[in-house]
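What follows is a set of notes on a single structure, which appears directly below.
Number of protein chains: 2
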Amino acid sequence: MDDLDPSPLQSSSATVHRDERGALTLVSAADIPFRPGRIYVLHGMPVGARRGGHASRGQRRLLVWISGASTVLVIDGLRLDDLLRLHAGETLLIEPGVWFEIEIATADTQILVFAEGEYEPDDYVRDRTALPVARLSASHTEPV
Amino acid sequence: MDDLDPSPLQSSSATVHRDERGALTLVSAADIPFRPGRIYVLHGMPVGARRGGHASRGQRRLLVWISGASTVLVIDGLRLDDLLRLHAGETLLIEPGVWFEIEIATADTQILVFAEGEYEPDDYVRDRTALPVARLSASHTEPV
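Protein chains in written order, with this note's numbering: chain Y, 1 to 144; chain X, 145 to 288.
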């Protein structure tokens, strides 16, 4: 039963191909469980820098670690409160309502992020003490 | 008139946001002129490494330089024969039928690539002396 799932986090898959020409980290669009509206790469981050620090009301995010390592705090205010360690080649799916914050552990850390939909300031919930947050119904409505 | 366009290359836009937490290089899906089937990051490449070295019969590619710099040779066997220099924040759209090869100029080079469709070995044309190549009609058919 879905509602006994202990965690709203799911992992997807990235494939890393390495040869003498370097590395290629690949994600198939078919493995992304939503239609990305924005795609971005976080890079050039000093050790100890923090990214994220918010939940989304309606947009999922898929994070793909290209290189380096990070500690990620994830909280939903209900049953989830976890501290994860993510490394190159690993991925993290952040569901709506899940507050997350990434702390950069190595200077070579680069993270590819797929975010659902366009940028919407009202979609962000930055105060983690405000969890759990109401989720926008739009992202959970079945297509008609 | 489109058929007098001297180049099948077009540039799209990436936005780079920098602050004390590092850099975020963003592409909006709305600015990608096709539906990406694969998304990958080229990284960890030694100076002088070469990537690409093929044309596609039917798939477009959008390349986004996240960091570093590269020299890109582009040839279509018809009217295009160019040597470009691409840097962080710049993008390059490769149309079907355009052979391209990237030479990595700096060790920090990272390139985000959006490729149209799934991986299809038959879509690749690796011999640049075989240009111009027949393009698959599928990608040029108007939707019905």
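Ideal Cβ positions, reconstructed from N, Cα and C, are used throughout, including at glycine.
Would you kindly work out how many angstroms separate the C-alpha atoms of residue 122 (chain Y) and residue 37 (chain Y), rounded to a whole number? One C-alpha to the other measures close to 16 Å.
Quick check: residue 49 (chain Y) and residue 165 (chain X), are their CB atoms within less than 8 Å of each other? Result yes, Cβ atoms of residue 49 (chain Y) and residue 165 (chain X) sit closer than 8 Å.
Under the assumption that residue 41 (chain Y) contacts residue 105 (chain Y) (Cβ atoms under 8 Å), give the Cβ distance between them as a whole number of angstroms. Between residue 41 (chain Y) and residue 105 (chain Y), the beta carbon gap of about 18 Å keeps them out of contact (Cβ cut-off 8 Å).
Residue 36 (chain Y) in three-state terms, based on DSSP: DSSP places residue 36 (chain Y) in strand when its eight states are reduced to three.
Around the Cβ of residue 220 (chain X), are there at least 16 other Cβ atoms within 10 angstroms (buried) or fewer (exposed)? Taking every protein chain shown into account, the CB of residue 220 (chain X) has 16 or more other CB atoms within 10 angstroms, so this residue is buried.
At 7 Å on the CB atoms, spell out the chain X contacts of residue 13 (chain Y), in chain order. Simply none; closest approach about 13 Å.
Reduced DSSP secondary structure (H/G/I, E/B, other) of residue 159 (chain X): Three-state DSSP puts residue 159 (chain X) in a strand.
If we ignore side chains and look at the alpha-carbon of each, how far apart do residue 159 (chain X) and residue 69 (chain Y) end up? Take the alpha-carbon of residue 159 (chain X) and the one of residue 69 (chain Y): they are about 25 Å apart.
contact_flag[the segment 200-216 of chain X, the segment 236-244 of chain X] where n(CB pairs < 8 Å) is 3 or more: Segments in contact, yes.
Distance check for residue 57 (chain Y) and residue 188 (chain X), CA to CA, integer angstroms please. Their backbone Cα atoms lie some 36 Å apart in a straight line.
Counting contacts by CB-CB distance shorter than 8 Å, is residue 72 (chain Y) in contact with chain X? Against chain X, the CB of residue 72 (chain Y) has no partner CB under 8 Å away; the residue lies outside that interface.
Selected residue, minimal CA-CA separation from residue 128 (chain Y), among Y:113, Y:112, Y:30, Y:53: Looking at the Cα atoms, Y:53 is the closest of the given residues.
When you compare each of Y:19, Y:18, Y:30 to residue 263 (chain X) by their alpha carbons, which one comes out closest? Ranking Y:19, Y:18, Y:30 by CA distance to the CA of residue 263 (chain X) puts Y:30 first.
Hey, does residue 28 (chain Y) have any beta-carbon neighbour from chain X nearer than 8 Å? Flagged as an interface residue toward chain X: residue 28 (chain Y), by a C-beta distance shorter than 8 Å.
If you run the structure through DSSP and keep just helix, strand and coil, what is residue 31 (chain Y)? If DSSP states are grouped into helix, strand and coil, residue 31 (chain Y) belongs with the helices.
Under 8 Å, Cβ to Cβ, is there at least one residue of chain Y near residue 207 (chain X)? The Cβ of residue 207 (chain X) sits no closer than 8 Å to any Cβ of chain Y.
In whole angstroms, give me the CA-to-CA distance for residue 224 (chain X) and residue 274 (chain X). If you draw a straight line from the Cα of residue 224 (chain X) to the Cα of residue 274 (chain X), it is about 14 Å long.
Proximity of residue 86 (chain Y) and residue 72 (chain Y) at Cβ, strictly below 8 Å: Contact annotation: residue 86 (chain Y) and residue 72 (chain Y) have beta-carbon atoms nearer than 8 Å.
Reduced DSSP secondary structure (H/G/I, E/B, other) of residue 274 (chain X): Helix at residue 274 (chain X).
From the DSSP output, in three-state form, read off residue 220 (chain X) for me. Looking at residue 220 (chain X) - three-state DSSP - the assignment turns out to be coil, as it is neither helix nor strand.
Beta-carbon of residue 219 (chain X) versus every beta-carbon of chain Y: anything under 8 Å? It does not: the Cβ of residue 219 (chain X) has no partner Cβ on chain Y nearer than 8 Å.
Mapping DSSP to helix, strand and coil, what is residue 108 (chain Y)? Residue 108 (chain Y): coil per DSSP, three-state reduction.
Option in Y:78, Y:65, Y:96 with minimal Cα separation from residue 84 (chain Y): Of Y:78, Y:65, Y:96, the residue nearest in Cα terms is Y:65.
First and last residue of the uninterrupted beta strand (DSSP E) at residue 60 (chain Y): Boundaries for residue 60 (chain Y): no beta strand (DSSP E) harbours it, and the DSSP string shows neither H nor E there.
State the Cα-Cα distance for the pair residue 269 (chain X) and residue 238 (chain X), rounded to the nearest angstrom. Across the structure, residue 269 (chain X) and residue 238 (chain X) are spaced so that their CA atoms are roughly 14 Å apart.
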